[in-house]
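See below for the structure under consideration.
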Amino acid sequence: MLARTNRSRFLLVVWVTALLAVPVQGSDKLQVVTTTTDLAAIARAVGGDKVEVTAIATGYEDPHFIAAKPSYMMAARRADLWVRVGLELEIGYEELILDGARNARIRVSTPGHLDASEGVLRLEVPTQKIDRSMGDIHPLGNPHYWIDPLNGRIIAKNIGQRLERLAPEHAEYFREQTASFQRELDERMFGPQLVAKTGGGKLWALLLRGQLDRILQEPGQPALGGWLATMRPHVGQKMVTYHRSWSYFAHRFGLVVIEELEPKPGIPPSPGHVADVVERVNAEAVKVLLMEPFYSRKAPELIASETGISVVECANLVGGQTEATDYLTMIDNIVKRLSTAFTQ
Amino acid sequence: MDRLLDTLPFLAAPFVACLVIASLHCYMGLHVIKRGVIFVDLALAQAAALGAAVALAMAPVVCSESHLHHADTRTPLVTEAHLAAQLNLEEDTPTAEAVSDKESVVSRAHDHAAHEHEHAYLGYGMSLFFALLAALLLSFGRLRDERIPHEAVIGIIFVVCAALSVLILSKAPHGHEKMEAMLVGSILFVSWQQVVAMLLLYLILGVFHFVVRRHFLEISQNVASAERTGKRVRLWDCLFYGSFALMVTQSVSIAGVFVVFSYLIIPGACASLFADSFRAQLVAAWAVAAGTTVFGLAFSALADMPTGSSLVSCFGAVLVLSAIAGAFIRKRGDRT
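Residue numbers (the numbering used here), protein chains in the order written: chain B, 444 to 787; chain U, 68 to 403.
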């Protein structure tokens, strides 16, 4: 009898030790867990071979909501760095995962927890009281900020600096990786010749101050290339979007969103609102209805059949469409699809 | 196997929560099956969901002015001009050491979350109020002359509550997703506080049911004879559905409608295939529920599938297997 209790006690000890031992194993790479695939793509670019990156959400689902799966908490448990989009995009699930994971390294306000929205350009920050009747308004501003390449650049800087802090021994490496990601982004934005001549940071500064044209007119200056050149002929074009998620892209490339299919953010299209949209699209001859692939095509197709508007599906998350394999190809894909639709 | 071991620490709270749910639901399920009011759970759960939706509509302020002010002082708005200045500097110092690494990762989301917590109490209160209202309707809906069958009353409560929630949530942001979340639930994210709160409530309800078990059993097994012996059926029904509403409001908020329904009906259904006496059925139902919980959670962990739906699917499989086993046993019983 005594022997038996001893044996079961021994087994218990073995089990508990096994349980405690398992999470400790793993590679010597920094484990980075991000909420969205875009952040993951940028973290991969910046962290290179010194990090292992996992994203919680997939690129083909609505980032406001995710279904609870055990792997999310396991990923968060192992994480050295947790990166969120912030601006309350993940308010529905971030706290649940962080609480469930019981990982002290990635608690809010610790070095292992990064809000990627630090210092980004924010649009649509409300200036008065918000209530639910206004729809899904985020008090800190529109959270879809990553679709502006300028913000992509800032996210890379934020992640790079945080990685430096977590692994100072690779600081030099992370700095180089961040710089090369930013340079590649700048080249895609303005064209390689222009970046080589003037420098990416300078070009961005000029663009933000509205002085880019002045530089371009100078003699001996290479022509504008990249996304900006592709989108230039379409500046001032009007479009309708499904959700209020394209404000940043429109702002950066000079497009005008005249109407959204959702009557208020997060509220599905209602018959009356669809009729209003049809009327405005006809009146103003709008060519493009832009939407993410995860929304229902029913209302957009109804409007298309009434007005002849072309419905353009663009993923604004990495992995949402086959072309969007990383952050830069994701923006590439949006620019290509939109410019084709506007040209037709 | 590694994967399962990895997941175990996260499955502890959901596992205990499932067992707590099973303890009372299996017992109530047997009553429900005997009474032939299978969908009473869906009706009450839907009424509770309607209450949650009403609470959402009643608490419209997401963010007060003071909170806005708060948020703004903590994270100053970056303007394009500001960024342009930063980017100009950048050329001289390759990466942005010029920009100080301020630790502004303050708990902004948590301000908002705290706000949501205040509404959680209102949500629970409204859910309970609507569920109890529905329970009252149910106990009075059992008409003596059965002009409207009881099952019809249950169905009507269910569809009307569901339709009303759709109407209310159609004006709320991401209402559709919230509805779906209520159905599937998030048992995986249950916290130990929630488990303890549920355990306490279920202990009280359990003691109450144990004390008056004879009365409920008599009515469940045969209403007509209970009425003949002068039992106040309507009063006892009020108590039965009232306690049912308390139980379901708690479990649905944690596990979702589908999981709760499965724990209520499927173990009882399996048990009635094998056992005859109420006591034996209860023990069998508990065993089935506990076993299926282990399988469901293990499946969810190994296949990395959503936990609630894994549990429900496992319950379905267990019922099919027990039906086959039951038929086999009966056939052998006939032969000998």
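All C-beta atoms in this analysis are idealised placements derived from N, C-alpha and C, irrespective of residue type, glycine included.
Keep in mind the model is a prediction, meaning the values are calculated, not measured.
Less than 8 Å separates the beta-carbon of Leu204/U from that of Ile224/U. Under the 10 Å beta carbon count, Ser344/U is surrounded by fewer than 16 other beta carbons and is classified as exposed. When DSSP reads this structure, Trp647/B sits in no beta bridge, so it has no partner. For the pair Ala336/U and Gly252/U, the CB atoms are not nearer than the 8 Å cut-off. Residues of the segment 192-219 of chain U with a C-beta less than 9 Å from any C-beta of chain B: none at all. Val683/B: member of the beta strand (DSSP E) spanning 681-684, first to last residue. Proximity of chain B to Met372/U at the Cβ level (cut-off 8 Å) is accounted for by Lys512, in chain order.
Neighbours of Phe77/U in chain B, taken as residues at a C-beta separation under 8 Å, are given in chain order as Pro513, Met516, Met517, Arg520, Gly543, Ala544. Short of 6 Å from the beta carbon of His92/U, and not among the five residues preceding or following it, lie these beta carbons of its own chain, in chain order: Tyr330, Leu331.
Taking Val104/U as reference, the option from Met249/U, Phe328/U, Leu72/U, Ala79/U with the minimal CA-CA separation is Phe328/U. Neighbours of Thr74/U across chain B, judged by C-beta separation under 9 Å: Pro513, Ser514, Met516, Met517.
Leaving aside the five residues that flank Leu745/B on each side, the residues in its chain whose CB is nearer than 7 Å to its CB run, in chain order, Val717.
Judged by their CB atoms, Glu705/B and Pro736/B are not nearer to each other than the 8 Å cut-off. For Trp525/B, there is no enclosing alpha helix (DSSP H); the enclosing beta strand (DSSP E) has its first and last residue at 524-527. Residue nearest to Leu272/U within the set Thr146/U, Thr316/U, Phe256/U, Gly190/U is Thr316/U (criterion: CA-CA distance). Between Phe785/B and Val731/B, the CB-CB gap stays under 8 Å. In the DSSP annotation of this structure, His677/B is not part of any beta strand (DSSP E), being labelled neither H nor E. Contact of Lys101/U with chain B by beta-carbon distance below 9 Å is absent, the smallest such distance being about 35 Å. For Tyr685/B against Glu703/B, the beta-carbon gap comes to about 7 Å, under 8 Å, which counts as contact.
Minimum Cα-Cα distance from Asp471/B among the listed residues Val526/B, Gln604/B, His613/B corresponds to His613/B.
When C-alpha distances from Ala110/U are compared across Ala312/U, Trp353/U, Phe395/U, Val355/U, the shortest belongs to Ala312/U. In the displayed model, Glu531/B falls within coil according to three-state DSSP, outside both helix and strand. Its chain contains Gln113 as the residues whose beta carbon lies nearer than 6 Å to that of Ala229/U, once the 5 sequence neighbours on both sides are disregarded; these appear in chain order. For Gln654/B, the number of other beta carbons within 10 angstroms of its own is below 16, and it is reported as exposed. A distance below 7 Å between beta-carbons, with the five flanking residues on each side excluded, links Val262/U to the following residues of its chain, in chain order: Ala80, Val83, Ala84, Val87.
Using a Cβ-Cβ cut-off of 8 Å, Ile710/B counts as an interface residue toward chain U, since at least one Cβ of chain U sits closer than that to its own. Contact between Gly595/B and Arg565/B does not hold, since the beta-carbon distance rounds to 14 Å and is not under 8 Å.
At a cut-off of 3 residues, the continuous stretches assigned as beta strand (DSSP E) that sit fully inside the segment 536-586 of chain B are 556-558. Residue contact check for Gly595/B against chain U: no CB pair falls below 8 Å.
Taking CB atoms only, Gly562/B has a neighbour in chain U less than 8 Å away. As the crow flies, the alpha-carbon of Ala357/U is around 22 Å from that of Ala511/B. Contact annotation: in the segment 730-747 of chain B, no residue has its CB less than 7 Å from a CB in chain U.
With respect to chain U, the C-beta atom of Leu539/B has a partner C-beta closer than 8 Å. Around the Cβ of Phe277/U, a 10 Å sphere holds fewer than 16 other Cβ atoms; the residue is exposed. Distance check between Glu722/B and each of Lys707/B, Pro708/B, Ser739/B, Glu749/B places Glu749/B closest, using alpha-carbon atoms only.
Sequence-distant partners of Ser232/U (beyond 5 residues in either direction) whose C-beta falls short of 6 Å from its own C-beta, in its chain, are Ala116, Leu117, Ala120.
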